[in-house]
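Remarks on the structure that follows.
Numbering (the working numbering), first residue to last: 6 to 301.
Next comes the structure, spelled out in structure tokens:
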């Protein structure tokens with residue numbers, strides 16, 4: 006047990022050092038007033054929720070670009086929603102932690118990162134001229150429950166699901182020179198700093214799983230499945246379709262039935278699913294929620 010604790014402390018120490026070397030202030034690093042590139046997409050078109058559907062075929066090129074802009078705004082809104090939950094979970098853990106430990110100090114460092122990320126996503130939505138796509142009442146209350154109660158495997162698995170699904174999209178975006186420079190820069194900053202958050206969550210998750218009994222793991226699998234279902238459903242708010250003249254219910258139904266979008270969801274979740282399944286957190290009724298969300 007002592008060796009495991011030493012290993013976790015070593016991970017946190019390395020992440021603290023990395024944070025000193027490569028951390029960004031998006032209010033300074035990003036030119037928020039730069040004009041957008043005419044005709045450039047905001048995410049690869051094949052990652053749009055309607056790509057390949059008859060509805061996509063009916064859209065003009067301008068409408069397709071506009072749809073991807075609103076889909077990015079929806080994902081940024083979901084990111085803001087979850088980062089607020091994440092920060093409260095980390096602060097709650099810090100409240101009972103040893104403040105001299107490197108794990109506690111890195112948790113505070115991560116909260117500082119997430120504060121900047123939340124400002125960055127808010128500025129992004131503003132710069133795009135899009136609305137904030139807010140969580141539904143049900144998801145809002147689920148978020149309140151999660152931030153107030155989740156700990157151990159439930160907490161760190163939920164963090165990994167949200168961070169790694171968005172990370173898959175952002176790694177592709179930042180490498181695609183055909184996309185809008187603004188979203189590529191936002192994605193690059195987020196990917197660099199989130200890589201540390203993922204490493205920390207994985208180390209803490211492994212220790213939490215080791216310390217959790219069978220009943221706790223069964224409950225964690227169910228809650229983690231629900232978190233995966235909710236996060237996948239939050240990526241594209243149905244109201245984004247109204248921006249290009251498609252009734253939200255029609256667009257949502259088309260996206261849910263779209264094999265291209267379902268393949269994209271599985272692609273985005275592949276890494277985190279493999280990791281969580283490997284530590285026994287994807288099984289039983291919880292696994293059905295992963296499947297229902299289209300993530301596996």
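For glycine and all other residues, C-beta sits at the position ideal for the given N, C-alpha and C.
query, result
"Closest by C-alpha distance to residue 194, when choosing among 31, 14, 17", "31"
"Extent of the continuous alpha helix (DSSP H) run through residue 96", "66-100"
"Own chain partners of residue 133 with C-beta closer than 6 Å, once the 5 adjacent residues on each side are dropped", "74, 78"
"Rounded straight-line distance, which links the Cα of residue 64 to that of residue 169", "31 Å"
"CB of residue 95 within 8 Å of CB of residue 70, strictly", "no"
"Exposure of residue 159, with buried meaning 16 or more beta-carbon neighbours within 10 Å", "buried"
"Whole-Å CB distance - residue 57 paired with residue 263, under 8 Å assumed", "6 Å"
"Straight-line Cα distance separating residue 176 from residue 88", "19 Å"
"Segment contact flag, the stretch 7-22 with the stretch 208-223, C-beta cutoff 8 Å, min 3 pairs", "yes"
"In chain order, each beta strand (DSSP E) run of at least 3 residues that lies wholly inside the stretch 163-206", "none"
"N-terminal and C-terminal residue of the alpha helix (DSSP H) that residue 276 is part of", "264-283"
"The stretch 186-203 contacting the stretch 143-154, beta-carbon criterion three pairs below 8 Å", "no"
"Contact between the stretch 290-298 and the stretch 223-235 (3+ Cβ pairs under 8 Å)", "yes"
"Pair within 8 Å by beta-carbon distance, residue 162 and residue 236", "no"
"Stretch pair the stretch 145-157 + the stretch 244-259: three plus CB contacts closer than 8 Å", "no"
"Segment limits, alpha helix (DSSP H) that includes residue 61", "59-63"
"Endpoints, alpha helix (DSSP H) assigned at residue 124", "107-133"
"Contacting residues, own chain, Cβ-Cβ under 6 Å from residue 289 (five flanking each side not counted)", "226"
"Per-residue DSSP class, three states only, for residue 24", "helix"
"At least 3 beta-carbon pairs within less than 8 Å: the stretch 171-186 vs the stretch 46-56", "yes"
"Of the listed residues 172, 36, 198, nearest to residue 129 (C-alpha basis)", "36"
"Under 8 Å between C-beta atoms of residue 271 and residue 240", "no"
"Beta-carbon spacing of residue 278, residue 287 below 8 Å", "yes"
"Residue 53 and residue 34 closer than 8 Å at C-beta", "no"
"Per-residue burial, residue 274 [other beta carbons within 10 Å of its own, 16 or more giving buried]", "buried"
"Own chain, CB closer than 6 Å to residue 265, minus 5 neighbours either side, in chain order", "56, 57"
"Buried or exposed by the 16-neighbour rule on C-beta atoms within 10 Å, applied to residue 100", "exposed"
"Local conformation of residue 236 per DSSP, three classes", "helix"
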